[in-house]
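*Asks:* Chains as they are written, first to last, in UniProt numbering: chain A, 1 to 342; chain B, 1 to 342; chain C, 1 to 342; chain D, 1 to 342.
4 protein chains.
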Amino acid sequence: MRVGVLTGGGDCPGLNAVIRAVVRRGIKEYGYEFVGFRDGWRGPLENITVPLGVDQVRGILPRGGTILKSSRTNPFKIEGGVEKIKENLAANGIDALIAIGGEDTLGVATKLADLGVNVVGVPKTIDNDLSGTDFTFGFDTAVNIAMEAIDRLHTTAESHHRVMVVEVMGRHAGWIALHSGIAGGANVVLVPEKPFDIDAVCKYVEARFETNYSPIIVVSEGAVPVEGGDMTLQSGELDAFGHVRLGGIGDRLAKEIEDRTGKEARAVVLGHVQRGGTPTAFDRWLATRFGLQAIAAVRDGDFGTMMALRGTDIVRVPLIEGTGELKLVTPELYAEAEVFFG
Amino acid sequence: MRVGVLTGGGDCPGLNAVIRAVVRRGIKEYGYEFVGFRDGWRGPLENITVPLGVDQVRGILPRGGTILKSSRTNPFKIEGGVEKIKENLAANGIDALIAIGGEDTLGVATKLADLGVNVVGVPKTIDNDLSGTDFTFGFDTAVNIAMEAIDRLHTTAESHHRVMVVEVMGRHAGWIALHSGIAGGANVVLVPEKPFDIDAVCKYVEARFETNYSPIIVVSEGAVPVEGGDMTLQSGELDAFGHVRLGGIGDRLAKEIEDRTGKEARAVVLGHVQRGGTPTAFDRWLATRFGLQAIAAVRDGDFGTMMALRGTDIVRVPLIEGTGELKLVTPELYAEAEVFFG
Amino acid sequence: MRVGVLTGGGDCPGLNAVIRAVVRRGIKEYGYEFVGFRDGWRGPLENITVPLGVDQVRGILPRGGTILKSSRTNPFKIEGGVEKIKENLAANGIDALIAIGGEDTLGVATKLADLGVNVVGVPKTIDNDLSGTDFTFGFDTAVNIAMEAIDRLHTTAESHHRVMVVEVMGRHAGWIALHSGIAGGANVVLVPEKPFDIDAVCKYVEARFETNYSPIIVVSEGAVPVEGGDMTLQSGELDAFGHVRLGGIGDRLAKEIEDRTGKEARAVVLGHVQRGGTPTAFDRWLATRFGLQAIAAVRDGDFGTMMALRGTDIVRVPLIEGTGELKLVTPELYAEAEVFFG
Amino acid sequence: MRVGVLTGGGDCPGLNAVIRAVVRRGIKEYGYEFVGFRDGWRGPLENITVPLGVDQVRGILPRGGTILKSSRTNPFKIEGGVEKIKENLAANGIDALIAIGGEDTLGVATKLADLGVNVVGVPKTIDNDLSGTDFTFGFDTAVNIAMEAIDRLHTTAESHHRVMVVEVMGRHAGWIALHSGIAGGANVVLVPEKPFDIDAVCKYVEARFETNYSPIIVVSEGAVPVEGGDMTLQSGELDAFGHVRLGGIGDRLAKEIEDRTGKEARAVVLGHVQRGGTPTAFDRWLATRFGLQAIAAVRDGDFGTMMALRGTDIVRVPLIEGTGELKLVTPELYAEAEVFFG
């Protein structure tokens with residue numbers, strides 16, 4: 001049995017842990033051989049392979065990123081792409097393929113499975129917005145990095161009677177903002193799922209200053225004001241050169257709060273620091289277990305499935321289930337954070 | 001409504017997060033008043049109270065330990081203890097009591113509930129061995145601390161061609177060893193649930209040295225050799241003064257491996273470092289949600305229950321369910337770690 | 001003897017450690033009394049005082065920020081400011097004042113000392129650009145935070161064949177960039193002391209991609225291109241609203257590199273995360289020793305001096321020496337980093 | 001020019017940073033070739049070499065341990081050892097040797113230099129007890145790890161009204177105890193340089209319990225009671241089996257304090273965790289600069305020297321200066337810590 005492995009989409013702490021677990025169990029328990037495809041779907045598309053054995057996966061568990069590299073290549077958007085992939089899989093004698101990735105990568109996997117390719121998927125997104133699984137690996141690492149930044153910013157906010165706005169990742173779903181905001185003791189958390197009212201935000205800010213503490217606002221990069229919300233600086237506006245402004249919602253929010261409340265406000269945009277580096281224990285454990293179960297699914301011939309965490313169990317669900325629709329923050333969960341607002 | 005709160009047993013990162021969430025929601029949403037009882041069950045027993053309001057819980061979220069202090073006092077082992085507690089609760093006008101603790105603390109809570117006291121429990125143990133809940137807070141912090149130590153020890157092991165034995169907490173259950181061992185890339189993990197064969201351990205050690213890497217062995221403090229296992233140094237043996245030896249299983253195992261394999265071996269006993277200090281994001285989030293739901297259970301008059309994590313939901317289960325029997329590492333889960341042995 | 005203490009300017013990890021050491025030794029060894037002035041020079045200017053004794057300084061050693069809060073108020077820019085300060089010091093029976101701060105705060109201290117106020121200074125700046133001392137506290141913490149971010153970004157850069165630009169603090173001096181760049185293994189470090197040539201930067205970027213690694217560029221916020229350097233996006237340009245653009249050198253550099261090399265480039269602006277939170281061991285040790293020596297200087301009547309680190313000794317230098325001119329990165333030190341470029 | 005490199009003695013965070021800097025500058029600026037000798041002096045003794053070029057040193061900067069491995073082999077204790085080394089250096093065409101190590105490794109280097117071998121030394125010890133240099137790399141990392149452990153233990157001590165004893169490295173010198181004790185806010189620090197009075201220690205413990213806080217005692221592994229100090233458990237005593245007891249000074253001190261004060265006391269022995277893993281920014285910077293200067297010393301033919309930190313400069317001192325006598329904690333520096341006792 002020869003098994004191909006690839007990683008697609010944005011990098012995410014834990015990818016290497018998945019690869020290592022797949023290879024270790026595959027070789028030790030099942031006697032399989034492995035082929036690494038580089039740069040996501042570009043690997044099988046352009047037949048870029050790397051050796052993948054016990055030696056290659058030694059020592060990679062604590063390392064962020066992916067030894068197989070990644071890309072956002074989508075073979076369905078390239079003419080003849082799917083055929084190329086089938087040819088290259090055949091040429092390499094691949095019996096099964098393990099695809100590790102997010103919505104896009106698994107979306108391709110889903111379609112390929114329908115076309116008869118033996119694919120097993122492993123879900124990956126630091127945003128935690130894939131359906132079908134309680135959590136995805138990478139998310140816990142991102143939340144801890146954001147929380148540690150918030151912890152640090154509390155003291156600077158208080159020393160200067162200042163508002164600190166922390167922009168975290170999350171274009172469509174507010175999971176990182178919600179969890180890091182709760183864990184970091186934020187006074188306001190803004191998520192894409194619920195457009196915010198700038199007046200209400202400023203009221204929380206002012207309420208907070210009545211204590212001896214200073215407000216921290218955690219905002220998803222995808223958060224937006226309610227329609228008609230009177231923000232001076234709007235999303236997507238152009239600068240003098242006709243380009244979209246570089247500043248995101250964090251910068252704009254800080255400026256707006258400063259203008260409205262007269263309190264000094266500063267934004268911190270955490271950016272890519274959230275997705276790099278060594279994974280937390282939770283992410284290493286989850287990623288390892290996803291890997292162990294993915295290769296077991298290959299052995300069982302259980303193709304077209306994706307690994308998922310349910311409670312403390314790793315289960316297999318149809319690929320389509322994980323990629324059908326985004327998992328969003330519910331109003332009930334958001335209400336939990338609101339207890340701590342102001 | 002006046003609600004008492006106490007924390008019992010060993011300290012655990014996240015206790016303050018529970019207290020804060022209980023108090024914040026209780027005051028803000030339900031208009032309750034709170035009384036803090038100090039030192040676990042000793043508080044209501046000896047009527048030691050501390051003020052507990054919004055001011056007392058500010059800034060405590062990231063702090064380890066418990067602002068209410070703790071003890072291992074068991075009122076059922078003290079004559080007239082239960083009556084004293086009832087009297088003191090009445091004297092303080094307490095309508096309901098939230099007890100945050102492990103097996104012992106919640107065991108007392110269970111019996112008091114049977115005797116008509118309005119108790120709600122919040123489970124706490126860094127060992128993660130309470131039934132009824134997927135995880136307890138404090139566990140994730142302990143596992144991360146252990147993992148970071150293991151990460152550090154890998155380089156020292158390799159530089160010196162040396163065996164490193166890491167003893168972690170877990171008297172009865174091997175959860176910390178299992179999770180930190182998997183996350184840290186240990187070459188052997190030994191847990192109380194499965195007595196170990198010292199010959200097999202030494203074989204793994206020797207196999208590991210055939211690579212360019214050096215072995216790390218993670219062992220629960222409660223791990224024991226198989227009966228008849230020929231360990232020179234036995235558990236519980238006395239020293240020259242008739243006291244039980246200070247050295248635990250970690251020290252003894254390192255010595256034994258050194259004697260048998262001729263390889264230098266060193267033990268590191270992580271000890272109390274695992275249970276102190278600031279909680280991880282996961283633990284702050286879980287503890288906060290336990291707190292929010294505990295005070296909601298009080299509001300609902302849902303006494304005799306304990307909070308539990310199931311997937312991503314916080315549910316209420318009968319107190320007896322969480323304390324009836326220990327949750328142990330299953331053979332299936334242990335087998336997952338074994339993939340990486342040697 | 002009554003001693004006033006204040007902290008001015010931007011917050012900096014270690015301020016609380018100084019305050020604690022001053023108060024602990026002052027009370028325990030010399031029997032002094034203390035008065036805390038809040039918000040930097042605004043405290044004595046507006047007579048805002050807080051109690052300052054052993055109780056107030058307990059537990060503050062590991063905490064970032066300053067319990068005395070801070071501001072950038074300059075009494076010499078306020079009519080009658082100096083007289084107000086003298087009056088308020090007299091009204092509070094202050095015999096000596098310890099001012100903890102950077103160039104501005106110590107500049108005021110220098111002038112007040114000339115006017116006969118008994119002042120002792122403690123230097124503080126995360127930028128490390130104060131003359132007269134080998135290091136200032138806060139700097140080591142900032143460098144470690146930046147280095148940890150760079151460590152994380154390496155994996156994300158490599159997984160995506162991407163350039164990562166990390167903007168760190170340092171308006172006038174490149175110490176944080178230099179030290180974190182060396183410690184983080186950056187491939188290019190850009191500092192304010194040496195205008196950069198964008199062509200050379202792009203050559204390093206391209207050279208790096210010829211290995212299996214991806215480039216990380218660390219840039220001080222105050223770094224600038226050489227005159228006539230053909231950067232599309234210039235410093236200080238206005239946006240559609242006539243405001244200075246929000247994006248700093250990091251954003252602009254990433255865009256420029258992307259345009260020129262065709263390689264994807266992303267910027268991370270670390271911002272205020274660098275100056276908040278718990279200090280490193282070095283900073284706690286240095287700040288504590290500065291505090292111990294500052295109160296000893298008060299006892300010795302050695303006013304008009306500032307504490308300074310020389311090797312492993314804390315010495316006293318004239319205040320003017322520390323504030324006379326900025327300490328800049330020398331060409332020799334910069335050349336050390338250049339060994340690793342490309 | 002062919003240059004050999006070896007690392008000897010206990011591992012220490014920063015060794016890889018030295019190796020990398022030596023090789024990078026040596027190849028890039030001077031066009032040298034390198035040979036790595038494995039396992040300290042055993043390498044040239046038994047002619048165990050490894051390739052050492054730009055590829056081998058990529059990515060090793062943040063990694064603890066040493067890619068050249070280490071040992072405590074001393075060629076002067078092996079018959080014909082020195083001749084073997086000379087032969088093997090000649091056989092490999094080695095023009096100069098860079099030896100990175102502590103007292104023992106540099107002691108050998110000193111003697112070899114006297115015998116005409118072209119040696120340059122780089123000092124290394126986490127204990128910081130080498131003369132001639134302000135600091136050695138590895139020390140800052142060890143101190144930070146110890147401090148973080150102490151930070152964690154504060155909360156557990158307070159929650160349980162308990163004494164925590166933290167044993168840190170330092171057989172002959174108390175630098176790690178002193179720095180981590182000051183940085184961690186310890187209530188007592190015990191170092192080898194000053195035998196301790198157990199009565200005085202217990203008085204500090206009792207004084208501390210009169211506040212709302214609990215005592216943390218930091219003790220060097222080499223600390224000893226004053227002669228005649230009435231410790232029940234003496235150093236080096238034998239157990240029932242005629243072996244030296246496993247428990248060190250930390251365990252014994254905790255037991256003694258518990259017996260005398262009636263307060264619960266627990267020991268944590270940090271052990272090898274202090275010397276493994278990724279270096280701090282300070283250590284990476286210092287190690288890198290030592291490496292850069294060591295290869296410059298080779299170029300200058302400045303043999304028989306050792307690199308040393310003086311203030312912020314790296315200077316060269318005669319090898320004998322660094323290894324002649326241990327650098328110990330002075331009474332003046334110890335007195336600084338005493339301000340915070342009790």
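Ideal Cβ placement from N, Cα and C applies to all residues, glycine included.
Fair warning: this is a prediction, and the values are worked out from it, not measured in the lab.
Are the CB atoms of B/Leu333 and B/Leu178 nearer to each other than 8 Å?
*Replies:* Going by C-beta atoms, B/Leu333 is nearer than 8 Å to B/Leu178.
*Asks:* Would you please verify whether the beta carbon of B/Val163 is less than 8 Å from any beta carbon of chain D?
*Replies:* No, no contact with chain D.
*Asks:* Counting only beta-carbon atoms, is D/Asp151 nearer than 8 Å to chain B?
*Replies:* Taking Cβ atoms only, chain B reaches closer than 8 Å to D/Asp151, which makes this a yes.
*Asks:* Compute the Euclidean distance between the alpha carbons of D/Ala157 and A/Ser131, then round it to the nearest angstrom.
*Replies:* If I take the Cα positions, the gap works out to 43 Å.
*Asks:* How is D/Gly276 classed by DSSP in three states: helix, strand or coil?
*Replies:* Of the three classes helix, strand and coil, the one that applies to D/Gly276 here is coil, per DSSP.
*Asks:* Quick check: the Cα distance between C/Glu227 and C/Leu190, rounded to an integer number of angstroms?
*Replies:* Taking the straight line from one Cα to the other gives about 15 Å.
*Asks:* How would you list, in chain order, the residues of chain B whose beta-carbon sits under 9 Å from the beta-carbon of D/Arg266?
*Replies:* Within chain B, the residues near D/Arg266 are Gly271, His272.
*Asks:* Alpha carbon to alpha carbon, how far is D/Asn16 from D/Gly138? Give it in angstroms, no decimals.
*Replies:* Rounded to the nearest angstrom, the two C-alpha atoms are 11 Å apart.
*Asks:* Give the interface partners of A/Arg38 over in chain C, defined as CB-CB distance under 9 Å, in chain order.
*Replies:* Ordered by position in chain C, no residue passes the 9 Å Cβ test against A/Arg38, which lies about 10 Å from the chain.
*Asks:* Quick check on the burial criterion: 16 or more other C-beta atoms within 10 angstroms. Buried or exposed for B/Asp140?
*Replies:* So B/Asp140 counts as buried.
*Asks:* Is the shortest distance between the beta-carbon of C/Glu325 and the beta-carbons of chain A less than 8 Å?
*Replies:* Chain A, which has no Cβ nearer than 8 Å to the Cβ of C/Glu325, makes this no.
*Asks:* Going along chain A, which residues have a C-beta under 7 Å from B/His179?
*Replies:* Near B/His179 (Cβ distances below 7 Å), the residues of chain A are Ala281, Trp285.
*Asks:* Is the shortest distance between the beta-carbon of A/Glu158 and the beta-carbons of chain C less than 8 Å?
*Replies:* Chain C contact via Cβ: present.
*Asks:* Counting only beta-carbon atoms, is A/Arg63 nearer than 8 Å to chain C?
*Replies:* Cβ-Cβ to chain C under 8 Å: yes for A/Arg63.
*Asks:* Please state whether DSSP places C/Asp300 in a helix, a strand or coil.
*Replies:* Coil.
*Asks:* Give the interface partners of B/Ser220 over in chain D, defined as CB-CB distance under 9 Å, in chain order.
*Replies:* Residues of chain D passing the Cβ test: none, with the nearest at roughly 17 Å.
*Asks:* Residue 343 of chain D to D/Val22, Cα distance in whole Å?
*Replies:* The requested residue 343 of chain D does not occur in the structure, where chain D is confined to residues 1 to 342.
*Asks:* Specify the secondary structure class of A/Pro75 as computed by DSSP and reduced to three states.
*Replies:* Helix, per DSSP.
*Asks:* Rounding to the nearest angstrom, what Cα-Cα distance links A/Ser70 and A/Pro13 in this structure?
*Replies:* So the two alpha carbons sit approximately 13 Å from each other.
*Asks:* Count the C-beta pairs between the segment 71-88 of chain B and the segment 261-277 of chain B that are closer than 8 Å, then say yes if the count reaches three, no if not.
*Replies:* Touching, no, given that fewer than three Cβ pairs across the two stretches are closer than 8 Å.
*Asks:* Ignore the nearest five residues each way along the sequence and tell me which others in D/Arg20's own chain have a CB closer than 6 Å to its CB.
*Replies:* Same-chain partners within the cutoff: Val57, Ile60, Leu61.
*Asks:* Fully enclosed by the segment 136-185 of chain B, which beta strand (DSSP E) runs are 3 residues long or longer?
*Replies:* You should have 163-168.
*Asks:* Say whether the segment 95-104 of chain B touches the segment 320-334 of chain A, bearing in mind that this needs 3 or more beta-carbon pairs closer than 8 Å, one atom from each stretch.
*Replies:* No: the two stretches stay apart, fewer than three of their Cβ pairs being nearer than 8 Å.
*Asks:* Mind checking if D/Asp11 is an interface residue toward chain B, Cβ cutoff 8 Å exclusive?
*Replies:* Closer than 8 Å: yes.
*Asks:* Grab me the residues of B/Leu246's own chain with a C-beta within less than 6 Å of its C-beta, minus the 5 sequence neighbours each way, in chain order.
*Replies:* With a pLDDT of 48 at B/Leu246, under the threshold of 50, the modelled position of that residue is not reliable, and the figure given next carries that caveat. Taken in chain order, the list of residues that qualify is empty.
*Asks:* Nearest CA to the CA of B/Pro192: which residue from B/Leu326, B/Glu33, B/Val18, B/Arg38?
*Replies:* When each option's Cα is compared against that of B/Pro192, the closest is B/Leu326.
*Asks:* Determine the direct distance from the alpha carbon of B/Gly185 to that of B/Lys194, and round the result to whole angstroms.
*Replies:* If I take the Cα positions, the gap works out to 20 Å.
*Asks:* For C/Ala113, collect the residues of the same chain with a Cβ closer than 7 Å to its Cβ; drop the 5 residues on either side in sequence, then sort them by chain order.
*Replies:* Result list for C/Ala113: Val119, Phe303, Gly304, Leu319, in chain order.
*Asks:* Of the residues C/Ala183, C/Pro215, C/Gly324, C/Asp251, which one's Cα is nearest the Cα of D/Val18?
*Replies:* Nearest C-alpha to D/Val18: C/Ala183.
*Asks:* I'd like to confirm the pairing. Which residues does DSSP put opposite B/Ser220 in its beta bridges?
*Replies:* Beta-bridge pairing links B/Ser220 to B/Val168.
*Asks:* Quick check on B/Glu210: buried or exposed, where buried means 16 or more other Cβ atoms within 10 Å of its Cβ?
*Replies:* B/Glu210 comes out exposed.
*Asks:* Report the option in A/Ile257, A/Ala173, A/Val315, A/Glu264 whose CA atom is closest to the CA atom of A/Gly222.
*Replies:* For A/Gly222, the nearest C-alpha among the options comes from A/Ala173.
*Asks:* Under 8 Å by Cβ, that's how I've got B/Ile216 and B/Met169 pegged, so tell me the actual separation to the nearest angstrom.
*Replies:* 17 Å between Cβ atoms; not a contact.
*Asks:* Distance check for B/Val268 and D/Val188, CA to CA, integer angstroms please.
*Replies:* Going by the C-alpha atoms only, they are around 24 Å apart.
*Asks:* Is it buried or exposed, A/Tyr30, if we count other Cβ atoms within 10 angstroms and call 16 or more buried?
*Replies:* Exposed: under 16 other Cβ atoms inside 10 Å.
*Asks:* Short check: CB of A/Val122 to CB of A/Asn74, under 8 Å?
*Replies:* Not in contact: A/Val122 and A/Asn74 (Cβ atoms no closer than 8 Å).
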